[in-house]
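Peer 1:
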Amino acid sequence: MIELKSRGELEAMRAAGLVVARTLELVTEAARPGVSTKELDELAEQTIRDAGAVPSFKGYHGFPASICASVNEQIVHGIPATSQVLADGDLISVDCGAILDGWHGDSAVTIAVGAAVSAKDLALSDATRTAMWAGVEAVQPGARLTDISYAVQTAAERAGEADGIEYGMILEYGGHGIGTEMHMEPFLPNVGKPGKGPRLRPGMALAVEPMLTGGGGETLELDDGWTVVTADGSRAAHWEHTVAITDDGPWVLTAPA
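Right, here's the structure in full:
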């Protein structure tokens with residue numbers, strides 16, 4: 001029951017993906033010390049709507065904002081707020097989605113705020129991004145779903161060995177199918193043995209999105225019912241791209257033009 005798209009439909013998803021890419025570019029430029037996450041959310045919503053698109057997240061199961069803005073120990077689903085003001089040295093993960101002509105794009109970046117971000121936090125973000133790209137490269141026709149999971153996991157483990165840190169892997173959250181809805185089958189774990197799950201076919205689209213922490217992999221959900229944080233207070237990073245499967249391999253639909 002995994003949605004298959006025609007070439008034209010994937011191109012429509014690419015148009016939505018470009019809206020997301022441009023939005024994240026502007027948010028990244030604006031994420032500076034003294035700026036609130038609410039201001040970033042307002043910028044994102046205006047950018048999405050100016051492009052003729054609709055924010056995927058706003059109102060989704062009651063979520064109140066157009067982006068998820070997760071700062072420091074927040075892993076995912078952070079709610080933007082006027083009271084959440086970025087400081088020099090913060091690490092913020094911004095997840096963004098847009099709907100254009102009925103098709104979804106979904107992507108996330110982790111942003112180093114100011115000049116005081118620690119080398120450890122920069123390495124954490126780099127490791128997470130590297131794991132994402134390893135997963136993207138595994139999005140190949142004829143492969144199995146968990147080939148992606150295995151690629152993400154092994155890349156994260158290798159990065160940890162190189163950095164001398166055992167990064168925490170978040171198991172409860174992962175990637176997903178995407179297309180006419182934001183979250184569709186299949187769920188894509190970020191950990192797993194290769195060769196399992198459905199076979200990947202041209203026309204499928206997946207969101208590949210690893211989340212790593214600088215400590216353990218245990219999580220807690222805050223009382224707001226959304227924000228997920230590390231149980232040990234360690235910092236977290238989150239990177240994501242929407243990727244289509246084609247006869248020629250992966251097509252990253254949310255990459256900048």
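Quick note on UniProt numbering: the sequence shown kicks off at 1 and runs consecutively. Note that beta-carbon positions come from the ideal geometry of N, C-alpha and C, so glycine has one too.
With respect to the beta strand (DSSP E) encompassing D95, which residues constitute its N-terminal and C-terminal limits?
Peer 2: Here the beta strand (DSSP E) through D95 covers 91–100.
Peer 1: What residue range does the alpha helix (DSSP H) around L122 cover?
Peer 2: Start and end: 119–137.
Peer 1: Which residue comes first and which comes last in the beta strand (DSSP E) that contains D223?
Peer 2: Neither: D223 is in no beta strand (DSSP E) and is coded neither H nor E.
Peer 1: Relative to the alpha-carbon of G175, which residue among H238, G102, T37 has its alpha-carbon at the smallest distance?
Peer 2: Selected option, being the one with the closest Cα: H238.
Peer 1: CB P250 to CB Q140, shorter than 8 Å?
Peer 2: Their beta carbons are under 8 Å apart, which means P250 touches Q140 by this criterion.
Peer 1: In its own chain, which residues sit with a C-beta less than 6 Å from the C-beta of E221, not counting the 5 before and 5 after it?
Peer 2: Result list for E221: V228, in chain order.
Peer 1: To which residues of the same chain is A156 closer than 7 Å at the C-beta, ignoring the five residues directly before and after it?
Peer 2: The answer, listed in chain order, is A127, A131, Y167, M169, P210, L212.
Peer 1: In whole angstroms, give me the CA-to-CA distance for Y150 and G114.
Peer 2: Their Cα atoms are separated by approximately 34 Å.
Peer 1: For I48 and V19, I'd like the C-alpha separation in whole angstroms.
Peer 2: Whole-angstrom Cα-Cα distance: 6 Å.
Peer 1: If I'm right that A205 touches L43 with Cβ under 8 Å, what's the distance once you round it to whole angstroms?
Peer 2: No, A205 and L43 are not in contact; Cβ-Cβ is about 27 Å, not under 8 Å.
Peer 1: Taking residue 280 as the reference, give the member of R199, G8, I111 with the closest Cα.
Peer 2: No information on residue 280 is available, as it lies outside the stretch 1 to 257 that the chain covers here.
Peer 1: Figure out for me which residue from I75, T154, G215, T246 has the closest Cα to the Cα of G8.
Peer 2: Selected option, being the one with the closest Cα: T246.
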